[in-house]
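Presented below is the structure to which this report refers.
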Amino acid sequence: MLSDIYGPQDIKRLSVKELAALADEVRQRILEVVSKNGGHLASSLGVVELTIALHYVFDSPQDRIIWDVGHQCYAHKILTGRNQQFHTLRTFNGISGFPKVSESPHDHYNTGHSSTSLSLALGEAIARDVNNSKYNIVAVIGDGSMTGGMSFEALNHIGHLKKDIIIILNDNEHSISKNVGALSEYLMRLITGGTYNKLRRKSYEFISRIPKIGPKLFTLFDRIEARIKGIFIPSSFFEDLGIRYFGPIDGHNIPMMIEMFNRISKLNKGPKIIHVYTKKGKGYVHAENNPAKFHGIGPFDIKTGKPVKKSSISYSEIAGRTLVDLAKHDKKIFAITAAMKLGTGLAEFEEKFPSRFIDVGICEQHAITLASALAKNGLKPFVSIYSTFMQRAVDQIIHDVALMNLPVKLLIDRAGIVGDDGETHHGLFDIGIIRSIPNFVLLSPTNGNELKDMIYYAASYNNGPVAIRYPRGGDDKYEHSMPKGLLKIPQLKAYYKSQRPMIALFAAGDMLSMAVEIHKKLHSYNIKSSVYSILSIKPLPVKQIEFIMNTIPYYIVLENSYANGGIAEYINSQLDRSMRHKNLFNVAFPDSFITHGKVSELLRYYELDSDTITHKIISMINTEKNSHAKKPLRSISSSK
Numbered sequence: 137m138l139s140d141i142y143g144p145q146d147i148k149r150l151s152v153k154e155l156a157a158l159a160d161e162v163r164q165r166i167l168e169v170v171s172k173n174g175g176h177l178a179s180s181l182g183v184v185e186l187t188i189a190l191h192y193v194f195d196s197p198q199d200r201i202i203w204d205v206g207h208q209c210y211a212h213k214i215l216t217g218r219n220q221q222f223h224t225l226r227t228f229n230g231i232s233g234f235p236k237v238s239e240s241p242h243d244h245y246n247t248g249h250s251s252t253s254l255s256l257a258l259g260e261a262i263a264r265d266v267n268n269s270k271y272n273i274v275a276v277i278g279d280g281s282m283t284g285g286m287s288f289e290a291l292n293h294i295g296h297l298k299k300d301i302i303i304i305l306n307d308n309e310h311s312i313s314k315n316v317g318a319l320s321e322y323l324m325r326l327i328t329g330g331t332y333n334k335l336r337r338k339s340y341e342f343i344s345r346i347p348k349i350g351p352k353l354f355t356l357f358d359r360i361e362a363r364i365k366g367i368f369i370p371s372s373f374f375e376d377l378g379i380r381y382f383g384p385i386d387g388h389n390i391p392m393m394i395e396m397f398n399r400i401s402k403l404n405k406g407p408k409i410i411h412v413y414t415k416k417g418k419g420y421v422h423a424e425n426n427p428a429k430f431h432g433i434g435p436f437d438i439k440t441g442k443p444v445k446k447s448s449i450s451y452s453e454i455a456g457r458t459l460v461d462l463a464k465h466d467k468k469i470f471a472i473t474a475a476m477k478l479g480t481g482l483a484e485f486e487e488k489f490p491s492r493f494i495d496v497g498i499c500e501q502h503a504i505t506l507a508s509a510l511a512k513n514g515l516k517p518f519v520s521i522y523s524t525f526m527q528r529a530v531d532q533i534i535h536d537v538a539l540m541n542l543p544v545k546l547l548i549d550r551a552g553i554v555g556d557d558g559e560t561h562h563g564l565f566d567i568g569i570i571r572s573i574p575n576f577v578l579l580s581p582t583n584g585n586e587l588k589d590m591i592y593y594a595a596s597y598n599n600g601p602v603a604i605r606y607p608r609g610g611d612d613k614y615e616h617s618m619p620k621g622l623l624k625i626p627q628l629k630a631y632y633k634s635q636r637p638m639i640a641l642f643a644a645g646d647m648l649s650m651a652v653e654i655h656k657k658l659h660s661y662n663i664k665s666s667v668y669s670i671l672s673i674k675p676l677p678v679k680q681i682e683f684i685m686n687t688i689p690y691y692i693v694l695e696n697s698y699a700n701g702g703i704a705e706y707i708n709s710q711l712d713r714s715m716r717h718k719n720l721f722n723v724a725f726p727d728s729f730i731t732h733g734k735v736s737e738l739l740r741y742y743e744l745d746s747d748t749i750t751h752k753i754i755s756m757i758n759t760e761k762n763s764h765a766k767k768p769l770r771s772i773s774s775s776k
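The C-terminal position of the sequence shown is numbered 776 in the numbering used here, with every residue numbered one higher than the one before it.
See below:
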C-alpha cells in the first residue's frame with residue numbers, strides 16, 4: 137500500500153478502514169531506516185496516525201501544515217513524495233531529518249528549534265487575509281514545545297487577533313488521560329456539531345443585541361459554557377486567551393481524528409486548539425518503554441533496541457560526572473538544563489542531588505536569568521546547554537550575566553559541527569558570540585581530562601562568568617579521577633615542537649587531532665611544524681602567540697567554528713600592529729549554513745580534512761616564497 141503513495145492525494149483515495157494498515161507500513165518504514173541511520177524515533181512513531189489524519193482531511197501544500205521543531209516529521213516526509221528517498225534520511229546529500237523548504241513544497245519552513253510554529257502560523261494567517269486567500273493553517277506543536285516562552289507570546293497574540301488558525305496540541309505525556317472517556321467524547325461531538333454551533337452563534341448574536349443588559353448576558357453565558365466544558369475537559373487556559381478548545385481526543389484513533397478535523401475546520405472563523413494525546417514510540421516496544429532513550433538515537437538493533445556499537449564516554453557524560461563529584465563536596469553547586477537532561481549528561485546529578493537540579497523546560501532565556509540570580513546570591517550555577525540552543529538566550533547572557541559580571545558557568549555542549557542533525561543544530565556561532573561579550577572567560581578543552589579540569593576551575597572562579605565549549609563525541613582515553621589542589625588552566629599548550637619549524641599550527645578544542653595529523657603529513661614532505669593547543673580563547677594568550685610568531689614564518693589557526701568571528705580573526709585583532717601582516721592563515725567553516733552528514737564527510741566537502749589542508753599548506757608556502765607583499769589574515773578553507 138505504501139509503495140502506491142506518492143503524495144497526500146493518494147491517501148485520500150483510501151477508505152478510512154485502509155488507513156490503519158497504511159499506518160503500520162509507515163511505522164515499519166520509519167523503524168527500518170532510523171535503525172540504520174539514527175534519528176528522532178520515538179516522536180515520529182508517536183504521530184503516524186495523526187499525520188495520516190491531517191493529510192487525509194487537509195489539502196497540503198495549499199493548506200499549510202507547520203511542524204514545531206520538526207523532529208516528528210518522518211511520517212510527513214514519507215507521505216509527501218519522499219518515501220523513495222527516505223533511506224537517505226540524515227545522510228550527506230540525502231533528505232534532512234527536519235522540514236526543509238528546498239526539499240518539498242509540503243515543508244513550509246526550515247525548522248529544528250522549538251516553539252516557533254504558533255508565531256509562523258499567525259504570520260501565515262495575517263498574510264493569507266491580506267492577500268484575500270482561502271486556505272487552512274494548521275500548527276502541530278508538542279506539549280514540550282508548548283512550555284517555551286515564545287509559544288505563550290504567540291498564543292496571547294493569536295487570542296487577541298482572532299485569526300482563523302487550527303492548533304494541534306500533540307500531548308504525549310499522558311497528563312490528560314483521566315479526561316478521556318465516553319462522556320468527554322460525547323461532549324466533544326456535541327460542541328463540534330453543526331447544530332450546536334449554529335444555535336450557539338445565533339444565541340450570542342441575539343443576546344448581544346439586547347439593550348443595556350446584552351453585553352453582561354453575553355459575558356455570563358460565555359462563562360457558563362466555559363465552566364461546563366471545564367468540568368470535563370481542560371479548556372479554561374486556552375478559552376481565557378480567546379482560543380476555542382476541543383479535546384482531548386485519541387491521537388491513534390484515525391476515524392475519530394478525521395471526524396473532528398472535518399468538523400472543526402468548518403466551524404466559524406477564529407483560532408481553535410485541538411488537544412490530541414499520543415504515545416511516544418508507539419508500535420515499537422523498546423521505544424514505548426523508554427521513549428527518552430529513543431528520542432534521538434544512533435543506529436541500533438531492531439530486535440534488542442541496543443546501539444549497534446558502544447561509543448567511548450561522551451563529553452556530556454564527563455561533564456555530568458564531574459558536576460556530581462563537585463556537588464558531593466560543595467553544596468553551592470547547582471545544575472540547570474533547558475529540557476535536555478539526558479543530552480547534557482545530567483541524569484545522575486538529578487538522581488543524587490534533586491534539590492540542586494533545575495530543569496526549566498524549553499526556556500533557555502529563563503535558565504540563564506535564573507542562573508544569574510543564583511550566582512548573585514553566592515551559589516554556583518552550571519547551565520548545561522547545547523551551543524545551538526544557547527543562541528536563544530544571547531540577550532540574557534549579555535544583560536543578566538555579563539553586565540553584572542556574575543559568576544555563572546556555561547557548559548556549551550555540541551560546540552562545532554554535529555553531523556547528521558545539520559544546519560539547525562551545528563554549534564558554530566558560540567565563539568563569535570561569547571568572545572564579543574565583556575567579562576567572559578571562554579575555554580576550549582582538547583580531551584576529557586582537560587574538560588574535567590576546566591569545570592573544576594570554573595567552580596572555583598568567582599571573578600565573572602565562564603563558558604566552556606566542547607564538541608559532540610567522546611574521549612576513549614578518558615580516565616575518571618579527581619584533580620588534586622586548585623587548578624590553573626594554561627592558556628596555550630605545546631604538543632609537538634620541532635627545531636626551526638616553518639609552520640606553527642594553532643588548534644582549538646577537538647581540532648587538535650587534525651593539527652597533529654597535518655603535522656605528521658607535513659613531516660613526510662620534509663616540512664617541519666610545531667603544534668599548539670589554544671585552551672583559552674578569551675582571554676587569548678597574545679604574548680605567547682606573538683613570541684612564537686617572531687620565530688616561525690607561517691601560522692595556521694584551526695577551529696571548529698565559522699571563520700567570521702572566529703579565533704584567527706580574534707588573534708589578528710589582538711596582535712601588535714607590527715605583526716598584523718604576518719603570514720597568518722585560518723582553517724574554519726565558510727560564511728554559509730553547513731549541511732548535514734557525517735562529520736568526516738562534511739570536513740571533506742568543505743575542504744577541511746587533513747589531506748586537503750596539508751596540500752593547501754604546501755601550495756601556499758610555494759606561492760608565498762615568491763611574494764614579498766604584506767598581506768592580512770587569509771583563509772585556506774573552502775568558500776562553499
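Each residue gets a CB set at the ideal place from its N, CA and C atoms; glycine is no exception.
Please read these numbers as outputs of a predicted model, since none were measured by experiment.
- It is roughly 6 Å from the alpha-carbon of V519 to the alpha-carbon of L547.
- For V530, the CB contacts under 8 Å within the same chain, skipping 5 residues up- and downstream, are I569 in chain order.
- In this structure, G645 lies near P581, with their beta-carbon atoms less than 8 Å apart.
- Inter-residue distance for S572 and I533 is about 12 Å (C-alpha atoms, whole angstroms).
- A residue is called buried once 16 or more other Cβ atoms fall within 10 Å of its Cβ, and T216 is buried on that count.
- Between T748 and the set I684, E705, E653, L676, the nearest pair of CA atoms involves E653.
- Take the alpha-carbon of T731 and the one of R380: they are about 40 Å apart.
- Here F436 is actually not in contact with I409; their C-beta atoms are around 35 Å apart, not less than 8 Å.
- Residue pairing by DSSP places H411 opposite L305 in a beta bridge.
- In the three-state reduction of the DSSP assignment, T224 falls in the helix class.
- Taking a cut-off of 8 Å on C-beta distances, the region 221–239 does not touch the region 179–189, as fewer than three cross pairs fall below it.
- Of the residues E168, Y691, P677, V193, the one whose Cα lies closest to the Cα of K402 is V193.
- Taking one beta carbon from each stretch, the region 295–304 and the region 245–262 have 3 or more pairs nearer than 8 Å; the two touch.
- Secondary structure within the region 402–474: the beta strand (DSSP E) runs of 3 or more consecutive residues, fully enclosed, are 408–413, 469–473 (chain order).
- Taking all protein chains in view, the Cβ of R163 is crowded by 16 or more other Cβ atoms within 10 Å, so the residue is classified as buried.
- In this structure, D199 and N272 form a Cβ contact; the two beta carbons are roughly 4 Å apart against a cut-off of 8 Å.
- Taking one beta carbon from each stretch, the region 659–667 and the region 708–715 have fewer than 3 pairs nearer than 8 Å; the two do not touch.
- The bridge partners DSSP lists for N246 come to none.
- Taking the Cα of N173 as reference, the smallest distance to any Cα among S287, S775, G434 is reached at G434.
- Setting aside the 5 residues that flank it on each side, L510 is surrounded in the same chain by F470, P517, each with a C-beta closer than 7 Å to its C-beta; the list follows chain order.
- DSSP places K664 outside any beta strand (DSSP E), giving it a letter other than H or E.
- Inter-residue distance for A290 and I262 is about 13 Å (C-alpha atoms, whole angstroms).
- Per the coordinates, the alpha-carbon of K416 lies some 12 Å from the alpha-carbon of D279.
- Across the set T440, V205, L506, the C-alpha of L506 shows the shortest separation from the C-alpha of I472.
- In the DSSP assignment, the residues bridged to K545 are F518, V602.
- By the 16-neighbour rule on beta-carbons within 10 angstroms, N306 is buried.
- DSSP lists I273 as the bridge partner or partners of R200.
- Under the DSSP assignment, V193 falls in the alpha helix (DSSP H) whose first and last residues are 184–193.
- The region 696–705 makes contact with the region 628–648, as at least three CB pairs between them are under 8 Å.
- S669 is the residue among M638, A699, S669 whose C-alpha sits nearest the C-alpha of A651.
- If one requires a minimum length of 4 residues, the alpha helix (DSSP H) runs lying completely within the region 704–765 are 735–741, 746–761, in chain order.
- Leaving aside the five residues that flank K624 on each side, none in its chain has a CB nearer than 6 Å to its CB.
- I498 sits away from S139, with the two beta carbons spaced by 8 Å or more.
- Your pair A699 and P726 checks out as a contact, with CB atoms roughly 7 Å apart and the cut at 8 Å.
- Three or more Cβ pairs closer than 8 Å define a contact, and the region 201–212 falls short of that threshold against the region 449–464.
- Judged by DSSP secondary structure, R218 falls outside any beta strand (DSSP E); it is assigned neither H nor E.
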